[in-house]
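Residue numbers (this note's numbering): 2 to 274.
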């Protein structure tokens with residue numbers, strides 16, 4: 002293995018990261034990502050002056066979907082789950098920290114959307130979670146009932162609960178690498194974020210948060226640390242990949258979340274930002 006490649010903590014999945022070009026390798030083979038470029042985020046960027054003068058084709062982040070060992074594909078299929086890795090290099094979108102486009106999840110049943118489980122493999126992440134008054138595919142996109150900034154560091158796990166949309170932000174000077182498990186039947190819905198010009202708040206340089214004026218009467222932005230956030234109990238394992246491979250039943254809630262607690266994100270809040 003080339004010295005420049007870094008083994009990620011996804012054992013028993015042998016996954017290597019090349020920081021020179023943000024590529025991933027499994028069994029020595031380079032994986033092909035889906036790339037989000039600047040022009041893909043036009044609708045949701047805060048600093049439009051930056052956008053107008055920047056290279057619209059510049060890559061912002063890389064999504065590797067269905068990253069599993071060949072021998073684990075049958076298990077993933079039988080449980081209806083997909084393992085993804087996302088790489089978000091450090092960058093400033095003018096005044097704003099680099100971020101994902103943002104999306105909601107489709108409904109798994111009437112009135113409840115699919116959850117998603119994340120783990121930070123490298124770097125620091127700010128997850129901007131928001132819940133619409135209408136919860137899923139809201140008819141009035143300007144009305145929000147809850148907004149949370151969920152902060153996570155390397156090795157920490159967080160849950161995107163049902164009925165919350167989310168944006169992932171890299172507020173650091175290092176590459177952010179995330180792993181996640183999600184239902185293979187869940188659909189990502191980007192239109193609410195595009196129509197509203199982004200999330201409820203924008204995170205700018207220096208940790209400033211600016212409310213998005215397209216929303217009405219925004220609730221305060223609550224800060225929650227990942228280690229205080231509630232997630233379903235997982236078996237002891239080095240990472241979420243190993244947890245599923247050893248005990249696949251532990252992630253059944255990703256396809257059947259109706260018994261999950263969805264009203265509380267955290268047992269403790271750090272405060273209002």
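Beta carbons: idealized from backbone N, C-alpha and C, even for Gly.
Could you tell me the alpha carbon to alpha carbon distance between residue 108 and residue 74, rounded to whole angstroms?
24 Å
Short of 8 Å in beta carbon distance, which residues of its chain neighbour residue 6, apart from the five on each side in sequence? Order them along the chain.
17, 18, 19, 26
Where residue 42 falls: helix, strand or coil (DSSP)
helix
Decide yes or no for the touch test of the stretch 194 to 209 against the stretch 116 to 126: beta carbon pairs closer than 8 Å, at least 3 of them.
no
Would residue 23 pass as an interface residue toward chain D - the criterion being a Cβ-Cβ separation below 7 Å?
Protein chain content of the structure displayed is limited to a single chain, and chain D is not contained in it.
Measuring alpha carbon to alpha carbon, tell me which of 117, 229, 151, 245 ends up nearest residue 236.
245
Just verifying my parser: in three-state terms, what is the DSSP assignment at residue 209?
strand
In the DSSP assignment, the alpha helix (DSSP H) including residue 18 goes from what residue to what residue?
Note, residue 18: premise wrong, no alpha helix (DSSP H); beta strand (DSSP E) at 16 to 19.
Extent of the continuous alpha helix (DSSP H) to which residue 242 belongs:
241 to 247
Per DSSP, cross-strand counterpart(s) of residue 158:
120
Buried or exposed: residue 221, going by 16 or more other Cβ atoms within 10 Å of its Cβ?
exposed
Run the CB neighbour count on residue 72, radius 10 Å, all protein chains shown included, and call it buried at 16 or more, exposed below.
exposed
If I measure Cβ to Cβ from residue 42 and keep anything under 6 Å in the same chain, skipping five residues before and after, which residues do I get?
102
Going along the chain, which residues of its own chain have a beta-carbon closer than 7 Å to the beta-carbon of residue 36, five neighbours each way excluded?
60, 63
Measuring only the C-alpha atoms, how far is residue 86 from residue 142?
29 Å
With H, G and I counted as helix, E and B as strand and the rest as coil, what does DSSP make of residue 1?
Residue 1 is absent from the structure shown; the chain starts at 2 and stops at 274.
Bridge partners of residue 35, per DSSP?
64
Output the boundary residues of the beta strand (DSSP E) element that contains residue 9.
Premise fails: residue 9 is in no beta strand (DSSP E) and is neither H nor E.
Which same chain residues, not among the five before or five after residue 192, have their C-beta less than 6 Å away from its C-beta?
none
In three-state DSSP terms, what is residue 185?
coil
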